[in-house]
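Chains as they are written, first to last, in full-length UniProt numbering: chain A, 1 to 356; chain B, 1 to 214. Idealized CB from N, CA, C, for every residue including glycine.
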Amino acid sequence: MKKLINKVDDVVVEQMQGMAAAHAGVKINLEPKYMYRSDSPISTKVAIVSGGGSGHEPMHCGFVGMGMLDGACPGEMFTSPTPDQMLECAKQVNGGPGVLFLVKNYTGDVMNFDMATEMLHEEGIAVQSILVDDDVAVKDSLYTAGRRGVGTTVLMEKIVGAAAEAGYNLDQCADLARKVNCSGRSMGMALTSCIVPAGGKPNFEIGDDEIEFGVGIHGEPGRKRMKHTTADEITSMLVSGILEDENYTRTVREWDRIKGDWEDKVITSDALKAGDEVIVMVNSLGGTPLSELYVVYKKLAEICEAKGIKIVEKLVGAYITSLEMQGCTITMVKADAEMKKFWNAPVNTPGLRWGI
Amino acid sequence: MMNVISQVSINEWLKEIAVVMRQNKDYLSQLDAAIGDADHGINMDRGFQKVLIKTETFADQDIGAMLKNTGMTLISSVGGASGPLYGKFFMQMGMALMGKMELNLEDLSTGISKGLDGVKGIGKASVGDKTMVDVWTPVVESLSESVNQKDTLEIASDKMVIAADKGLKSTINMIARKGRASYLGERSIGHQDPGATSSCFIVNILQGIIVGKK
Chain A
1 MKKLINKVDD VVVEQMQGMA AAHAGVKINL EPKYMYRSDS PISTKVAIVS
51 GGGSGHEPMH CGFVGMGMLD GACPGEMFTS PTPDQMLECA KQVNGGPGVL
101 FLVKNYTGDV MNFDMATEML HEEGIAVQSI LVDDDVAVKD SLYTAGRRGV
151 GTTVLMEKIV GAAAEAGYNL DQCADLARKV NCSGRSMGMA LTSCIVPAGG
201 KPNFEIGDDE IEFGVGIHGE PGRKRMKHTT ADEITSMLVS GILEDENYTR
251 TVREWDRIKG DWEDKVITSD ALKAGDEVIV MVNSLGGTPL SELYVVYKKL
301 AEICEAKGIK IVEKLVGAYI TSLEMQGCTI TMVKADAEMK KFWNAPVNTP
351 GLRWGI
Chain B
1 MMNVISQVSI NEWLKEIAVV MRQNKDYLSQ LDAAIGDADH GINMDRGFQK
51 VLIKTETFAD QDIGAMLKNT GMTLISSVGG ASGPLYGKFF MQMGMALMGK
101 MELNLEDLST GISKGLDGVK GIGKASVGDK TMVDVWTPVV ESLSESVNQK
151 DTLEIASDKM VIAADKGLKS TINMIARKGR ASYLGERSIG HQDPGATSSC
201 FIVNILQGII VGKK
């Protein structure tokens, strides 16, 4: 393992310290670990908080700032944070109108955020929690932990963050987050594995001529192993996975803050169709350079044009990564006027910045 | 050999778990690499090293308080799925055994059964899903049968280990339905579940304490 680190155990803390040193807009707390907006708490806005394992930078800490997240909780590498981090972070950034947790559907993230939600509620703070489950690589969610939460998370944090900044209340923010989730789909592939510092070895072995198709963001194996091929063919497969995905109905657990208990909610993501407007993200898993992402984007744009799907906004770069893994993910979110407006609203974070 | 498990023995159990998790850190992470993301050993070690520090303050506490404290420590230091699952296991076991300074077989059976309820409550897994539930369920069944048959603590603990081991081996040929391993579908067949493995260690260490190997 060859990495720019001092001590394996210090990687997460030192990256937080570095980020806070580099960006005046964020502050850190180390016991427990979380990052928050320097100007928080803000009494007039709902606090948007997310979190997850480290190793996906800039997500989530890199998206703390004006127009996006109020706080973020980094876990150990690829390991979800703990409920006490989420609880303390939420209390730090809550200005009064309540806290919205944006949670990726990974078993550990869900369990820890569930506990934090219950704890916050018990402390009398209005809290809501919305799940992201957009990964079409997971087909049969009846026999799995359900679709993973991946790229749509970034777009959701941006859109809902802007809505909170504009004065949406907690219910409105939660409704918008649910809408973004039900409008978003992602698919990814990997050319190589990554190395988790504490593990010191690649998470999986993969031949020089092989790719892993349908990966998540933790270096976990994907849907299938196949022979490596051209960027065009890989892009076509990723986009097909997204465009051919049918209406997806599932039951998710959401917090009912009136009853103070969890309730099952049936939600449906509608299939994308000709005439739809979309915001797309072509994302590097960490080891793939921008040059290759643009090759992918070129093909993606051609396919969308041929299918009558209009790309209205785009993001090309490394936003939700998997350490140094080579590979990319494509996310497409069907956008309406409300979502487009908040997408374009100003944002000022270490990882995303425009309109200011 | 003992007729009851003392408070000191439970403390020994917790300390020994920390030793064994450290020894098997790489092994557990390797098992996790095959079907997950290769951090199970790292996470269990991190959590139980924190528990190990806590055990130094356990001398005056009853068994319920010690176990509850262990659960809270795991929840706030492990993260991932193992944190809440093992955290709930020890917390619920502790709540069931509040105020006790020693455990007879019936207490042990009740405690572990409540711990399993905690795990199932938060993880929603059943037998056959390729998780730690595949170890704890046969353990609970074995202990409850031993209570009915009025087995000695030693015989009950031997039977419990055999049941745990059988449960562990049964995970090898299962298709994972929970956690990250579930995304592999049929590719998860042939791999022993890492969470079931760490649970089996915990059962084995308990038996070692009961029969006086430790």
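- Query: Does any residue of chain A bring its CB to less than 8 angstroms from the CB of Asp158 of chain B?
  - Reply: Chain A places no beta carbon closer than 8 angstroms to that of Asp158 of chain B, leaving this residue out of the contacts.
- Query: Anyone know if the C-beta pair for Ala190 of chain A and Val215 of chain A falls short of 8 angstroms?
  - Reply: In contact: Ala190 of chain A and Val215 of chain A (Cβ atoms closer than 8 angstroms).
- Name the chain A residues whose beta carbon is nearer than 7 angstroms to that of Ala38 of chain B? Taking the beta carbon of Ala38 of chain B as reference, the chain A residues within 7 angstroms of it are Val196, Gly199 and Asn203, listed in sequence order.
- Along chain B, in chain order, which residues have C-beta atoms closer than 8 angstroms to that of Gly75 of chain A? Going along chain B in sequence order, the residues near Gly75 of chain A (Cβ under 8 angstroms) are Gly79 and Gly80.
- Task: Please check the pair residue 360 of chain A and Ile267 of chain A, which I expect to be a contact at CB under 8 angstroms, by giving their CB distance rounded to whole angstroms.
- Result: Lying before the first or after the last residue shown, residue 360 of chain A is absent from chain A, which here runs from 1 to 356.
- Query: Expressed to the nearest angstrom, what Euclidean distance is found between the alpha-carbon atoms of Ile28 of chain A and Gly52 of chain A?
  - Reply: Straight-line spacing of the CA atoms in Ile28 of chain A and Gly52 of chain A works out to 16 angstroms.
- Are the C-beta of Ala196 of chain B and some C-beta of chain A separated by less than 8 angstroms? Output row for Ala196 of chain B: interface = no.
- Could you please tell me which residues of the stretch 16-46 of chain B, in chain order, have their CB closer than 7 angstroms to any CB of chain A? Of all residues in the stretch 16-46 of chain B, the ones placed with a Cβ closer than 7 angstroms to any Cβ belonging to chain A are Ser29, Ala33, Gly36, Asp37, Ala38, Asp39, Ile42 and Asn43, in chain order.
- Message: Quick check on Met38 of chain A - is its C-beta less than 8 angstroms from some C-beta in chain B?
- Response: According to the sequence as given, residue 38 of chain A is Ser; it is not Met. Output row for Ser38 of chain A: interface = no.
- Item | Cross-chain neighbours of Lys114 of chain B in chain A, by beta carbon under 9 angstroms | Residues of chain A passing the Cβ test: none, with the nearest at roughly 18 angstroms.
- Task: At 9 angstroms on the CB atoms, spell out the chain A contacts of Ile122 of chain B, in chain order.
- Result: Neighbours of Ile122 of chain B in chain A, taken as residues whose beta carbon is under 9 angstroms from its own, are Met111, Asp114 and Met115 in chain order.
- Message: Quick check: the stretch 18-34 of chain B against the stretch 113-131 of chain B, are at least 3 beta-carbon pairs closer than 8 angstroms?
- Response: Cβ pair count under 8 angstroms is below three, so no.
- Message: I'd like to check one pair, Ala90 of chain A with Ala47 of chain A: are the Cβ atoms closer than 8 angstroms?
- Response: Yes. Within cutoff.
- In terms of residue numbering, what span does the beta strand (DSSP E) encompassing Gly52 of chain A cover? Note, Gly52 of chain A: beta strand (DSSP E), Ala47 to Ser54.
- Message: Can you tell me which residues form a DSSP beta bridge with Ser186 of chain A?
- Response: According to DSSP, Ser186 of chain A bridges with A:Asp135 and A:Thr331.
- Query: How is Lys166 of chain B classed by DSSP in three states: helix, strand or coil?
  - Reply: DSSP places Lys166 of chain B in helix when its eight states are reduced to three.
- List in chain order: all unbroken beta strand (DSSP E) runs of 3+ residues lying wholly within the stretch 54-117 of chain B. Counting only runs of 3 or more, we get nothing.
- What distance in whole Å lies between the Cβ atoms of Leu153 of chain B and Leu97 of chain B, which are believed to be in contact at a cut-off of 8 angstroms? Here Leu97 of chain B is actually not in contact with Leu153 of chain B; their C-beta atoms are around 15 angstroms apart, not less than 8 angstroms.
- Return yes when the Cβ of Thr329 of chain A is within less than 8 angstroms of the Cβ of Ser186 of chain A, no when it is not. A Cβ-Cβ contact shorter than 8 angstroms links Ser186 of chain A with Thr329 of chain A.
- Task: Decide if the stretch 73-92 of chain B is in contact with the stretch 75-85 of chain A; the criterion is three or more beta carbon pairs, one per stretch, under 8 angstroms apart.
- Result: Yes: at least three Cβ pairs fall under 8 angstroms.
- Task: Answer yes if the stretch 295-309 of chain A comes into contact with the stretch 273-282 of chain A, meaning at least three C-beta pairs across the two stretches below 8 angstroms, and no otherwise.
- Result: Taking 8 angstroms as the limit for Cβ pairs, the verdict is that the stretch 295-309 of chain A does touch the stretch 273-282 of chain A.
- Query: Would you say residue 248 of chain B reaches chain A, if we count a Cβ-Cβ gap shorter than 8 angstroms as a contact?
  - Reply: Residue 248 of chain B falls outside the range modelled here, since chain B spans only 1 to 214, and no answer is possible.
- Counting Cβ pairs, one atom from each stretch, are 3 or more of them under 8 angstroms apart for the stretch 92-108 of chain A and the stretch 148-163 of chain A? Yes, they touch.
- Message: One question on the structure: do Gly167 of chain A and Thr44 of chain A come within less than 8 angstroms of each other, judged by their Cβ atoms?
- Response: Their beta carbons are under 8 angstroms apart, which means Gly167 of chain A touches Thr44 of chain A by this criterion.
- Message: Would Tyr143 of chain A pass as an interface residue toward chain B - the criterion being a Cβ-Cβ separation below 8 angstroms?
- Response: Chain B contact via Cβ: present.
- Item | Residues that DSSP places opposite Thr197 of chain B in a beta bridge | Partner residues in a beta bridge of Thr197 of chain B, as assigned by DSSP, do not exist.
- Which residues in chain B sit within 7 angstroms of Tyr297 of chain A, going by Cβ to Cβ distance? Result: empty, since nearest Cβ-Cβ is about 27 angstroms, beyond 7 angstroms.
- Item | Asn3 of chain B, DSSP secondary structure in three states | Per DSSP, reduced to three states, the secondary structure at Asn3 of chain B is coil, with no helix or strand assignment.
- Message: Please return the same chain residues whose Cβ sits closer than 6 angstroms to the Cβ of Gly184 of chain A, not counting the five positions on each side in sequence.
- Response: If we look at Gly184 of chain A and ignore the five residues flanking it on each side, its Cβ neighbours are Asp134, Thr152 and Val333.
- Message: On the criterion of 16 or more Cβ atoms from any shown chain inside 10 Å, does Ile53 of chain B qualify as buried, or is it exposed?
- Response: With fewer than 16 other Cβ atoms from the protein chains shown falling within 10 Å of its own Cβ, Ile53 of chain B counts as exposed.
- Query: Which residue or residues does DSSP assign as beta-bridge partners of Met226 of chain A?
  - Reply: Paired residue(s): A:Ile211.
- Mapping DSSP to helix, strand and coil, what is Ser129 of chain A? Correct three-state label for Ser129 of chain A: strand.
- Item | Exposure label - Pro346 of chain A; buried when at least 16 CB within 10 Å | Within 10 angstroms of the beta-carbon of Pro346 of chain A lie fewer than 16 other beta-carbons, which makes it exposed.
- Query: Given a limit of 8 angstroms on CB to CB distance, which residues of the stretch 86-106 of chain A reach chain B?
  - Reply: Of all residues in the stretch 86-106 of chain A, only Tyr106 place a beta-carbon less than 8 angstroms from a beta-carbon of chain B.
- Task: Could you name the residues of chain B that Val138 of chain A contacts, counting a contact when the two beta carbons are closer than 7 angstroms?
- Result: The contacting residues are Tyr183.
- Query: Listing by chain order, which chain A residues have their CB less than 7 angstroms from the CB of Ser142 of chain B?
  - Reply: Result: empty, since nearest Cβ-Cβ is about 27 angstroms, beyond 7 angstroms.
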